[in-house]
Amino acid sequence: MLEKSLATLFALLILATLINRFLLWRLPERKGDEVTLRIRTWWGIVICFSLVISGPRWMTLTFFALISFLALKEYCTLISIHFPRWLYWVIPLNYLLIGFNCFELFLLFIPLAGFLILATGQVLVGDPSGFL
1 MLEKSLATLF ALLILATLIN RFLLWRLPER KGDEVTLRIR TWWGIVICFS
51 LVISGPRWMT LTFFALISFL ALKEYCTLIS IHFPRWLYWV IPLNYLLIGF
101 NCFELFLLFI PLAGFLILAT GQVLVGDPSG FL
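The opening residue of the sequence shown carries number 1 in full-length UniProt numbering; numbering runs sequentially from there.
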């Protein structure tokens with residue numbers, strides 16, 4: 001299943017690259033436009049993702065933990081709260097639960113514990129406004 005999905009992604013990227021090259025050949029003034037840059041970016045994303053998914057389990061978990069950490073950091077920037085740095089332990093702990101095959105705890109940990117701590121912190125500070 002994974003091999004078919006990756007093959008489909010690569011086939012779509014090859015098709016997009018060929019179409020883009022054809023359009024660049026027909027319309028040379030398009031050189032370096034946004035579509036070309038996006039296709040190059042998607043090549044990098046798909047190659048990186050393929051290598052990580054095809055690697056050992058610890059590499060996959062570490063990669064997704066890093067992506068989740070960056071997403072949590074961006075989320076806290078968007079809601080403009082001063083997220084205590086000690087709460088970032090939620091991400092590695094959550095992926096440790098996956099590593100130890102505790103999937104039930106993994107599914108419940110962030111929605112119940114993580115966001116409950118975030119909301120409680122906002123209320124205790126006295127500024128619940130602006131919370132998404």
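Heads up, the beta-carbon is just placed ideally off N, CA and C, and yes, glycines get one too.
query, result
"Buried versus exposed call for Tyr95 [16 or more other C-beta atoms within 10 Å across all chains shown]", "buried"
"Status (buried if at least 16 other CB within 10 Å, exposed otherwise) for Val125", "exposed"
"Candidates Leu9, Glu74, Arg85, Ile91: closest to Ile45 by CA position", "Leu9"
"Neighbourhood of Leu97 by C-beta, 7 Å cutoff - its chain only, sequence neighbours within 5 removed", "Leu105, Phe106, Phe109"
"Residue of Phe22, Pro92, Leu23, Cys48 minimising C-alpha distance to Phe69", "Pro92"
"Cβ separation of Leu18 and Trp43, assumed to be a contact under 8 Å, to the nearest whole Å", "Not a contact, Cβ separation roughly 13 Å."
"Cys48, enclosing alpha helix (DSSP H) - first and last residue", "34-54"
"Sub-8 Å separation of Thr41 and Val52 beta-carbons", "no"
"Residue span of the alpha helix (DSSP H) that contains Met59, given as start and end", "57-78"
"Rounded separation between Arg85 and Gln122 - CA only", "15 Å"
"Helix, strand or coil at Leu2 according to DSSP, with G and I counted as helix", "helix"
"Contact belief for Leu87 with Ile117 at Cβ below 8 Å, rounded distance in angstroms", "6 Å"
"Boundaries of the alpha helix (DSSP H) in which Phe103 is found, first to last residue", "103-108"
"Extent of the continuous alpha helix (DSSP H) to which Phe115 belongs", "115-125"
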